[in-house]
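Engineer: If you scroll down you'll find the structure; I have some questions about it.
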Amino acid sequence: MLTLQDLKWIVKKPETEKKVPTARRLLEQGERIVSMENGGEVQLLVFREGYALYRIGKYATVFPVHSCGDYCYENNGQQICVDASFFEQREWYMRLFLEGEDRLAKNRESSRKGKIVSYHAVSEEWFFLASPALPPLEQLIEKEKILELMELLTERQRDIVILYFYYGETQWEIAKALGVSQPTVSQTLMAALRRMREGQEEIVLEKRAGSGRCAV
Numbered sequence: 503m504l505t506l507q508d509l510k511w512i513v514k515k516p517e518t519e520k521k522v523p524t525a526r527r528l529l530e531q532g533e534r535i536v537s538m539e540n541g542g543e544v545q546l547l548v549f550r551e552g553y554a555l556y557r558i559g560k561y562a563t564v565f566p567v568h569s570c571g572d573y574c575y576e577n578n579g580q581q582i583c584v585d586a587s588f589f590e591q592r593e594w595y596m597r598l599f600l601e602g603e604d605r606l607a608k609n610r611e612s613s614r615k616g617k618i619v620s621y622h623a624v625s626e627e628w629f630f631l632a633s634p635a636l637p638p639l640e641q642l643i644e645k646e647k648i649l650e651l652m653e654l655l656t657e658r659q660r661d662i663v664i665l666y667f668y669y670g671e672t673q674w675e676i677a678k679a680l681g682v683s684q685p686t687v688s689q690t691l692m693a694a695l696r697r698m699r700e701g702q703e704e705i706v707l708e709k710r711a712g713s714g715r716c717a718v
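When you line the sequence shown up against the numbering used here, it's residues 503 to 718, in that order.
So this is what it looks like as structure tokens:
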């Protein structure tokens with residue numbers, strides 16, 4: 503039996519200040535150590551780089567394995583904490599499943615509260631443009647491509663794109679929430695999508711140029 507303690511010995515411990523990699527980067531460049539599926543819709547992957555990728559259907563999150571220590575939860579209004587040592591000697595996936603569940607639940611709760619735009623929370627579960635016909639892992643990669651294109655936008659453009667596509671708000675509702683006119687929302691939305699389309703074309707051209715180079 504592979505325990506959580508065994509797994510922590512095997513994988514690296516990322517630096518605390520290091521940015522957590524995206525799901526796409528892990529899937530394309532990470533070294534997978536162990537994985538588990540539960541019910542088809544649920545998948546847990548662990549990479550030697552020290553990160554776990556947890557997915558439920560179209561939602562996913564990435565987190566450091568070594569950050570999974572004590573586990574605290576509420577029961578009938580009381581705070582109950584389970585010491586990290588309990589999980590260290592159990593199956594490797596037990597604590598990681600709990601961590602993944604909590605992170606996704608927290609993201610969805612943050613997104614629902616007043617429909618406040620939170621790019622960080624939304625980014626971990628964004629699949630509105632990913633094709634549902636793609637296998638789950640390919641959907642993750644497609645989502646990460648969309649997130650990369652989002653980085654090309656201004657803060658206002660991102661806010662409007664998130665409200666329009668992710669939350670399903672109308673342009674009139676967005677205008678009211680942001681204190682701007684509906685034509686402004688429409689123009690900003692079109693400019694944002696145009697910039698994302700241009701960014702996608704640039705990526706395609708770069709890939710073609712890279713594949714066309716001859717090794718010397």
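Ideal Cβ placement from N, Cα and C applies to all residues, glycine included.
Classify T518 as buried or exposed, calling it buried when 16 or more other Cβ atoms lie within 10 Å of its own Cβ.
Structural biologist: When all chains shown are included, T518 counts as exposed.
Engineer: For T672, count neighbouring Cβ atoms within 10 angstroms of its own Cβ and tell me buried if that reaches 16, exposed if not.
Structural biologist: Burial call: exposed.
Engineer: Quick check on I676: buried or exposed, where buried means 16 or more other Cβ atoms within 10 Å of its Cβ?
Structural biologist: By the 10 Å Cβ count, I676 comes out buried.
Engineer: Would V567 pass as a contact of A586 if the rule is Cβ separation under 8 Å?
Structural biologist: It is not a contact, given that the beta carbons lie outside the stated cut-off.
Engineer: For the candidate residues V548, E543, Y595, whose alpha-carbon lies nearest to that of R557?
Structural biologist: Checking every option, the nearest Cα to that of R557 belongs to E543.
Engineer: Could you tell me which uninterrupted beta strand (DSSP E) segments, each at least 3 residues in length, are contained entirely in the segment 509-550, listed from first to last along the chain?
Structural biologist: Taking only runs of at least 3 residues, the beta strand (DSSP E) segments lying wholly in the segment 509-550 are 534-540, 544-549.
Engineer: Does the separation of the CB atoms of L655 and R697 fall below 8 Å?
Structural biologist: It is a contact, given that the beta carbons lie within the stated cut-off.
Engineer: What residues are listed by DSSP as bridge partners for C574?
Structural biologist: Answer is C583, bridged to C574.
Engineer: Closest to G681 by CA distance: which of A694, I662, R699 is it?
Structural biologist: For the residues A694, I662, R699, the minimum Cα distance to G681 belongs to I662.
Engineer: Quick one, which of M596, A562, F549 has its alpha-carbon nearest P516's?
Structural biologist: Selected option, being the one with the closest Cα: F549.
Engineer: Using only the alpha-carbon positions, how far apart do F667 and Q591 sit?
Structural biologist: Cα to Cα, F667 sits roughly 44 Å from Q591.
Engineer: Taking the beta strand (DSSP E) that L504 belongs to, which residues open and close that run?
Structural biologist: Segment: none, L504 is in no beta strand (DSSP E) and carries neither H nor E.
Engineer: Please confirm whether any heavy atom of the ligand NAD lies closer than 7 Å to the CB of L655.
Structural biologist: Here there are no bound small molecules, and the ligand NAD is not part of this structure.
Engineer: Per the DSSP calculation, A562 is bridged to which residue(s)?
Structural biologist: Paired residue(s): R557.
Engineer: Could you pull the start and end residues of the alpha helix (DSSP H) that W674 belongs to?
Structural biologist: Looking at the DSSP string, the run of the alpha helix (DSSP H) that includes W674 is 673-680.
Engineer: Where does E593 sit, in a helix, a strand or coil, going by DSSP?
Structural biologist: It is a strand residue.
Engineer: Can you give me the Cβ contacts of S683 inside the same chain, cut-off strictly under 7 Å, excluding the 5 residues immediately before and after it?
Structural biologist: Around S683: A677.
Engineer: Identify the continuous alpha helix (DSSP H) that holds V663 and give its terminal residues.
Structural biologist: From DSSP, the alpha helix (DSSP H) with V663 extends over 657-663.
Engineer: Under 8 Å between the Cβ atoms of Y561 and L529?
Structural biologist: No, they are not a contact pair.
Engineer: Excluding five sequence neighbours on each side, which residues of the same chain lie with their C-beta closer than 7 Å to the C-beta of I535?
Structural biologist: So the qualifying residues of the chain are I512, V513, V548, F549, R550.
Engineer: Short check: CB of R597 to CB of C574, under 8 Å?
Structural biologist: No, the pair does not count as a contact, with Cβ atoms beyond the cut-off.
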